[in-house]
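Asks: Residue numbers (UniProt numbering): 1 to 140. First the structure, then my questions, so here it is.
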Amino acid sequence: MAVTRTFSIIKPDATRRNLTGGVTKMLEDAGLRVVASKRIQMTKEQAEGFYAVHSERPFFNDLVSFMISGPVVVQVLEGEDAVKANRDIMGATNPADAAEGTIRKTYAESIEANSVHGSDSDENAKIEIDYFFKPEEIVG
Ligand code: CMP
Numbered sequence: 001m002a003v004t005r006t007f008s009i010i011k012p013d014a015t016r017r018n019l020t021g022g023v024t025k026m027l028e029d030a031g032l033r034v035v036a037s038k039r040i041q042m043t044k045e046q047a048e049g050f051y052a053v054h055s056e057r058p059f060f061n062d063l064v065s066f067m068i069s070g071p072v073v074v075q076v077l078e079g080e081d082a083v084k085a086n087r088d089i090m091g092a093t094n095p096a097d098a099a100e101g102t103i104r105k106t107y108a109e110s111i112e113a114n115s116v117h118g119s120d121s122d123e124n125a126k127i128e129i130d131y132f133f134k135p136e137e138i139v140g
């Protein structure tokens, strides 16, 4: 299995509750290494562009409003099969469906305020990393 990278967001519901460290510890305990991290206030345009794939979904406007409702922490994670490792520790999108021991089961409030985002493929990981980070900001 190759060492790869994925993209993660610690969402506003988690930063608001001072859970940046708690979420990051769960990521690290799952074997992922934080090779880039910054706390930002996303603009509406940034959030709309990031979630453009969902622009026709009924929850799009609420999702964008939520993602700009407070600071987020964007991260690049590195590890063995990082996309899968991250998705496994995140748990299901809806915390009601998430397995015990996952980040969303532990911390998420709802399907919208679900504490973390993670890339769903290696291809999207590269696109999402490039959306928020310059190459020199990533130090493995
Ligand atoms: P995320 O992995 O960031 O990708 C899109 C987000 O839309 C998802 O996590 C959810 O937090 C959010 N979302 C809000 N409502 C829904 C819904 N009904 N179905 C799927 N995702 C939703």
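The beta carbon of each residue, even a glycine, is placed where N, CA and C say it ideally should be. What you are looking at is a predicted structure, and each value in this text was computed from that prediction instead of being measured.
Got a sec: does the ligand CMP put a non-hydrogen atom nearer than 7 Å to the Cβ of I111?
Replies: Under cutoff, so the answer is yes.
Asks: Are V64 and A52 touching if we call contact CB-CB under 8 Å?
Replies: Taking 8 Å as the Cβ cut-off, V64 and A52 do not qualify as a contacting pair.
Asks: Considering only DSSP beta bridges, list what E78 is partnered with.
Replies: E78 is bridged to R5 and R33.
Asks: So, helix, strand or coil for K38, using DSSP?
Replies: Correct three-state label for K38: strand.
Asks: Is the beta carbon of N10 sitting closer than 8 Å to the one on V83?
Replies: Looking at the sequence shown, residue 10 is not Asn but Ile. Cβ atoms of I10 and V83: not closer than 8 Å.
Asks: In the structure shown, what three-state DSSP assignment does V72 receive?
Replies: The answer is strand: DSSP assigns V72 an E or B state.
Asks: Can you name the residues that DSSP bridges to G21?
Replies: Per DSSP, none; premise fails for G21.
Asks: When DSSP labels each residue in this structure, what does V139 get in the three-state scheme?
Replies: In this structure, V139 counts as coil in the three-state DSSP scheme.
Asks: Can you grab the Cα-Cα spacing for the pair R17 / V3, in whole Å?
Replies: Near 32 Å, if we compare the C-alpha coordinates of V3 and R17.
Asks: Compute the minimum distance between the beta carbon of F7 and the heavy atoms of the ligand CMP, and state whether it is under 7 Å.
Replies: Not under cutoff, so the answer is no.
Asks: Are there three or more Cβ pairs, one per stretch, closer than 8 Å when the region 30 to 39 is compared with the region 106 to 115?
Replies: Taking 8 Å as the limit for Cβ pairs, the verdict is that the region 106 to 115 does not touch the region 30 to 39.
Asks: Give me the Cβ distance between F50 and I129, rounded to the nearest whole Å; I'm assuming they're in contact under 8 Å.
Replies: Contact flag wrong, Cβ pair sits at about 12 Å.
Asks: Do you know how far the Cα of A92 is from the Cα of A98?
Replies: Computed Cα separation, rounded: 4 Å.
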